[in-house]
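Have a look at the structure below before the remarks.
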């Protein structure tokens, strides 16, 4: 039987993989992809809890997360494009204008 | 309100009303002379009221609760009218009235604004002094005591543009405050021991022997300290000569007749309490006598006419205190009254001289008898009175004091006071001979003072004479027990002083320099005011500078050091830590991840 | 479960056959519009065997893979493209009880799955590593992003009117009045739906992504043989599916005179009407410039469909759901 | 092993594999495609959890929306040239350690926490309930979400417009 914890562990793994991507990717778009993974992992958690606790709240929040993710991606990519226009690169570790 | 206290309240209220009017209504104050007239009018009516009170020999007490508490107010305000207060009221209002009239001419050259300010202060001062006189308890007395001190500060520093005046004002303020600290501590201790501030209650308890509280001697000594400061007793007398930096009428009012006598008045007022502690009384007597002698010696070598009078005042205050200490407070109080009159006379006359000559130095005067005979006459009258020549007022009161001290079997103080009497005659006639009969100095054309100034002078001179004659006729009740040899001795001492002065300064029979050479150490000490001012300055500087150095060191090395260390640390830390801010978003994600991990660790290790 | 599988298998095969003959229908129709005959020789006199011949030809052709292509992507693209196009039929019922799965979120499922098609499309465009293909893919992305929303909004109007996302319920709600006949809202929504369909399927006049004259054949320029066949199949399947959807949403689905058994036929007929409508448009209009296409979507269709949706919601709120 | 379990394991393997591929593949375009796969797999997880509505929304928004936009951005920024699409990674070991540590932390929690393992019986379609919740208790949130989306739209427009 597949229990709640199976889903949660799966989500945790996905989350960690996403984190790994965020930490290691050089390309800003790649970082965004990692963030997407992490957000999806969260969604899995929400839906799993909602399903196993018979609670609607998780589903509603999943919807919210989804919508916000779309907004985030739109703005994030717009920023990436602007950065690309200005700096001719989207390598995240070269974008250190704000360093000491 | 009972009619009993209506008149005293009127006496008290009028100067205050004048003060309020002048203080609040700026345009009126800035007119100068009209402002003075307002003040004079107020004090004149006040004087008339005081005279009525005195003539009626009113005795009344009326208090209103001030600081409320369970079981009756802790402190009250009100008026306490008795013969003591009546006499004081008359003296204060009289001298104040004359001084204010006199000032109108003396300070006529001042800017109107300054003159208005002067009269504002004057009104406030008179109000404060009257409030002190009428105080029915220690708290009110202390409040007005401090107000008087404040006014003294303001008036001494009237010419605040002059550094010397400003310094003198501050000095007077601070030194009297030294005594006031003892005063208030004593008051509070007394209250905690007896539970009341009221004189009447205290006297009743004293009479019923209900005041045998432990440490009463200490308490009374502390209260006496207030008088030491205010009445310029040794060793806190040093402020009074410096206070001569103020306008001369101010000196006449507050440093001759009123404020400095507040200490004596207080001791006299609370005499039933002091009577319980003979050891303090003895101390008062000794200190008073010593003060008298010390000030007299300093007066002998002083060249500044106002300072001579100032030392003389200190000396006479010593007399009064000695009398109070000897248990002859009526004699002391009598001397207070007569001295108030003739010392005001002397000061005002000296003011007229200074006004005319433009200098304080008696050795630059001389021959003034011809230039301003009226002033010379009244000054001589005052001098005679001060020296104790019958039938002038000073003779009787001084004799009463001497008699009282003798009666109390205080031989040491008596001898000192007798010597002081001699010296008093000497230094006063020294001034008279040098300033009025000596060879005239060139420079300026001294002229008689205007009638506005002369009028008060004559009035005071006549009063001095009249009081003396009144005392001679009525026979002062103070000297009834005095031994018969006392009047001749007194007159004799005065005569010796007169002859010495005449011989040294008029005839030139004895060269003052040779006398000074003979009495070299004494002369040296007296000229340097016995080093007291230097000592104070030294101690003050030592303490202040030492403290300043210490605080400066603490500030520079401890406080600043900590701050410097902190800033240096912050800078270094910033230098080191800024590399954390790599500007790369992913490095920050590492930070977030580590934070989350820390939360995990915390939650799993400690939360359970 | 097993029945479902069998059903799905049958539906799939019927559909594949249908799709093949839809191409023939289009060619014939186009020929008629241009006063030609169209396919004639194979299976004469009307070229009935032409689609089979085409399929056989494509299957036997050499499979050419460009040397510089992103091989995996290139190879996977036709499949990824085809799968959603076939999957959309899963929720289409052909009669009240005839269908793979009459989900209660059927319409949404259809829209979601059909939106996956784009992935295959740009996989193909990218994987070919061909300038024209890539440009075509970019245009496709552009256009599909733009027309997805009006398409969805237009499709949601019947959903709102019927108060359900279940296909059968929507059809049932049209018992009295087909939604296309719904006063004003119905016609406008249907118009918007057809226009958005044209764009979503990249048909003329919205076919800038293949625009033969500039991009040769669009994203599938490098494809040949079997893979090309798959892509074509997917495209026509998608078109057919959308036609079915339109028929179900607006034209009353299987409702029609005669016994209920005739339902599937009615549905097919209606779908063909829509299909021919699209084809008619295709052969009648000229291609629109790219910025005009985007402008039409964002400035006209999107607000219009939104207003329609709101109006439908308003009508439902005042008159109650369930049509007519 | 029930059908559900089989489905779960298959989906889980696909999900994790594609996720790993997303973060590991050097080709950015492939990464996006793997992301699409991962997202569809996530949708499949939703299906397993009997939420077809969320599955549809996931497909519509992510696969149809997000992935498309990302591809678009890649095409714009990589200037249609395949070379730059090859991307490198940095600090692989560090990242792996941190990610593993985070996973260990979460897993630690999961292991210690009492979880409601028995799965409730099959549920009805939650679509209507979600809809009612959205316009009921969460109406304000929904409106705020709308504001956010409009803001994001305007922001993206502002950022991405070319300077004319």
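Chains as they are written, first to last, in the working numbering: chain X, 785 to 884; chain H, 700 to 1307; chain F, 24 to 347; chain G, 3 to 166. C-beta: ideal position from N, C-alpha, C; glycine also.
In angstroms with no decimal places, state the Cα-to-Cα distance between residue 61 of chain F and residue 252 of chain F.
-> Taking the third chain and counting its residues from 1, the one referred to as residue 61 of chain F is at position 38. Taking the third chain and counting its residues from 1, the one referred to as residue 252 of chain F is at position 229. C-alpha separation (whole angstroms): 20 Å.
Does any CB atom of chain X fall closer than 8 Å to the CB of residue 1289 of chain H?
-> What you label residue 1289 of chain H is simply residue 590 of the second chain in a count that begins at 1. Chain X contact via Cβ: present.
Where does the unbroken beta strand (DSSP E) through residue 760 of chain H begin, and where does it stop?
-> Counting from one through the second chain, the residue named residue 760 of chain H turns up at place 61. Note, residue 760 of chain H: beta strand (DSSP E), 759-766.
At which residues does the alpha helix (DSSP H) containing residue 360 of chain F begin and terminate?
-> In this structure chain F extends from 24 to 347, so residue 360 of chain F is not present and cannot be described.
CA nearest to the CA of residue 135 of chain G, picked from X:791, X:797, X:841, X:794 = The sequence position of residue 135 of chain G within the fourth chain is 133, counting from 1. Nearest in C-alpha terms to residue 135 of chain G, of all of X:791, X:797, X:841, X:794, is X:841.
Beta-carbon contacts of residue 785 of chain H that lie in its chain and below 8 Å, excluding the five residues immediately before and after = Against the second chain, residue 785 of chain H aligns to sequence position 86. For residue 785 of chain H, where only same-chain residues beyond five positions count, the Cβ hits under 8 Å are 749, 752, 753, 756, 757.
Are the C-beta atoms of residue 9 of chain G and some chain F residue less than 8 Å apart?
-> What you label residue 9 of chain G is simply residue 7 of the fourth chain in a count that begins at 1. Cβ-Cβ to chain F under 8 Å: no for residue 9 of chain G.
Of all the options H:1098, H:960, H:985, H:948, which has the alpha carbon lying nearest to the alpha carbon of residue 807 of chain H?
-> Mapped onto the second chain, residue 807 of chain H falls at position 108. Check the Cα spacing between residue 807 of chain H and each of H:1098, H:960, H:985, H:948: the tightest is with H:948.
Drop a sphere of 10 angstroms on the beta-carbon of residue 1178 of chain H, count the other beta-carbons inside from all chains shown, and report buried for 16 or more, exposed for fewer.
-> In the second chain, residue 1178 of chain H corresponds to position 479, counting from 1. Reliability of the predicted coordinates at residue 1178 of chain H is poor, the pLDDT of 48 falling under 50, and no value is obtained from them.
Where does residue 1058 of chain H fall in DSSP's three states?
-> Here residue 1058 of chain H refers to the residue found at position 359 of the second chain. In this structure, residue 1058 of chain H counts as coil in the three-state DSSP scheme.
Thinking C-alpha only, which one of H:825, H:963, H:945 is nearest residue 863 of chain H?
-> Residue 863 of chain H sits at position 164 when you count from the first residue of the second chain. Answer by Cα proximity: H:945.
Looking at the C-beta of residue 70 of chain G, does it have a partner C-beta in chain X at a distance below 8 Å?
-> As a position in the fourth chain, residue 70 of chain G is number 68, starting the count at 1. Residue 70 of chain G is outside the set of residues whose beta carbon lies under 8 Å from a beta carbon in chain X.
Cβ shell of residue 56 of chain F (< 6 Å), same chain only, five flanking positions each side left out = On the third chain, residue 56 of chain F is found 33 positions in, with the first residue counted as 1. Once the five neighbours on either side are set aside, the close Cβ partners of residue 56 of chain F are 306.
Given that a residue counts as buried once 16 or more other Cβ atoms are within 10 Å of its Cβ, and exposed if not, what is residue 799 of chain H?
-> Against the second chain, residue 799 of chain H aligns to sequence position 100. Buried, because 16 or more other Cβ atoms sit within 10 Å of the Cβ of residue 799 of chain H.
List the residues that DSSP assigns as beta-bridge partners of residue 775 of chain H.
-> Here residue 775 of chain H corresponds to residue number 76 of the second chain, with the count starting at 1. Residue pairing by DSSP places residue 775 of chain H opposite H:764 in a beta bridge.
Apart from the five residues just before and just after residue 817 of chain X, which ones in its own chain have a Cβ nearer than 7 Å to its Cβ?
-> One-based indexing of the first chain puts residue 817 of chain X at position 33. If the five residues before and after residue 817 of chain X are omitted, its C-beta is found closer than 7 Å to the C-beta atoms of 805, all from its own chain and listed in chain order.
Go through the region 1058-1136 of chain H residue by residue and report every complete run of the alpha helix (DSSP H) that reaches 4 residues or more, in order.
-> Look at the region 1058-1136 of chain H and you find these whole runs of alpha helix (DSSP H), each 4 residues long or longer: 1067-1070, 1072-1086, 1092-1106, 1110-1130.
List the residues of chain X whose Cβ lies closer than 8 Å to the Cβ of residue 1292 of chain H, in chain order.
-> Translated into positions along the second chain, residue 1292 of chain H becomes position 593. 803, 807, listed in chain order.
Would you mind working out which of H:1044, H:1058, H:839 sits nearest residue 1079 of chain H, comparing C-alpha positions?
-> As a first step, residue 1079 of chain H is located in the second chain; it is residue number 380 there, counting from the start. Comparing Cα positions, the closest option is H:1044.
Residue 147 of chain G versus residue 861 of chain X - alpha carbon distance | The count along the fourth chain starts at 1 and reaches residue 147 of chain G at position 145. The count along the first chain starts at 1 and reaches residue 861 of chain X at position 77. Taking the straight line joining both Cα atoms gives about 19 Å.
Is there contact between the region 44-55 of chain G and the region 149-163 of chain F, where contact requires at least three CB pairs shorter than 8 Å?
-> Too few Cβ pairs lie closer than 8 Å, so no.
So, is the C-beta of residue 1303 of chain H closer than 8 Å to a C-beta in chain X?
-> Here residue 1303 of chain H is taken as the residue at index 604 of the second chain, counted from 1. With 8 Å as the cut-off, residue 1303 of chain H does not count as an interface residue toward chain X.
From which residue to which residue does the alpha helix (DSSP H) around residue 106 of chain F run?
-> Looking up residue 106 of chain F in the third chain gives position 83. Note, residue 106 of chain F: alpha helix (DSSP H), 94-110.
Flag residue 103 of chain G as yes if its beta-carbon sits less than 8 Å from any beta-carbon of chain H, otherwise no.
-> Taking the fourth chain and counting its residues from 1, one reaches residue 103 of chain G at position 101. At a cut-off of 8 Å between C-beta atoms, residue 103 of chain G counts as an interface residue with respect to chain H.
Residue 116 of chain G: first and last residue of the uninterrupted alpha helix (DSSP H) it sits in | Looking up residue 116 of chain G in the fourth chain gives position 114. For residue 116 of chain G, there is no enclosing alpha helix (DSSP H), since its DSSP letter is neither H nor E.
Run through DSSP, which three-state label would residue 908 of chain H get?
-> Position 209 of the second chain, counted from the start, is the residue given in the question as residue 908 of chain H. Residue 908 of chain H sits in coil when the DSSP states are folded into three classes, being neither helix nor strand.
Taking the continuous alpha helix (DSSP H) assigned at residue 941 of chain H, which residues delimit it?
-> Here the question's residue 941 of chain H lines up with position 242 in the second chain. From DSSP, the alpha helix (DSSP H) with residue 941 of chain H extends over 938-941.
Roughly how many whole angstroms lie between the Cα atoms of residue 106 of chain F and residue 248 of chain F?
-> In the third chain, counting from the first residue as 1, residue 106 of chain F sits at position 83. In the third chain, counting from the first residue as 1, residue 248 of chain F sits at position 225. The alpha-carbon atoms of residue 106 of chain F and residue 248 of chain F are separated by roughly 18 Å.
Under 7 Å from the C-beta of residue 1 of chain G: neighbouring residues of chain H | Nothing in the structure corresponds to residue 1 of chain G, since chain G is present only between 3 and 166.
Quickly, what does DSSP pair residue 897 of chain H with across the bridge? List them, please.
-> If you number the second chain from 1, residue 897 of chain H lands on position 198. As computed with DSSP, residue 897 of chain H is found in a beta bridge with H:836.
Grab me the residues of residue 1115 of chain H's own chain with a C-beta within less than 7 Å of its C-beta, minus the 5 sequence neighbours each way, in chain order.
-> Translated into positions along the second chain, residue 1115 of chain H becomes position 416. Counting only Cβ-Cβ distances below 7 Å, and skipping sequence neighbours, we find 988, 989, 991, 992.
Where residue 49 of chain F sits in the DSSP three-state scheme = By one-based count along the third chain, residue 49 of chain F stands at place 26. If DSSP states are grouped into helix, strand and coil, residue 49 of chain F belongs with the helices.
Out of curiosity, what's the CA-to-CA distance linking residue 940 of chain H and residue 1199 of chain H?
-> Residue 940 of chain H sits at position 241 when you count from the first residue of the second chain. Residue 1199 of chain H sits at position 500 when you count from the first residue of the second chain. Residue 940 of chain H and residue 1199 of chain H: Cα-Cα distance of roughly 25 Å.
Outcome for residue 1274 of chain H when other beta-carbon atoms lying within 10 angstroms are tallied against a minimum of 16 | If you number the second chain from 1, residue 1274 of chain H lands on position 575. Taking every protein chain shown into account, the CB of residue 1274 of chain H has fewer than 16 other CB atoms within 10 angstroms, so this residue is exposed.
Segment limits, alpha helix (DSSP H) that includes residue 1266 of chain H = Translated into the one-based positions of the second chain, residue 1266 of chain H becomes position 567. Segment 1259-1276, the alpha helix (DSSP H) holding residue 1266 of chain H.
Using a Cβ-Cβ distance under 8 Å, would residue 128 of chain F count as near chain G?
-> Here residue 128 of chain F is taken as the residue at index 105 of the third chain, counted from 1. With 8 Å as the cut-off, residue 128 of chain F counts as an interface residue toward chain G.
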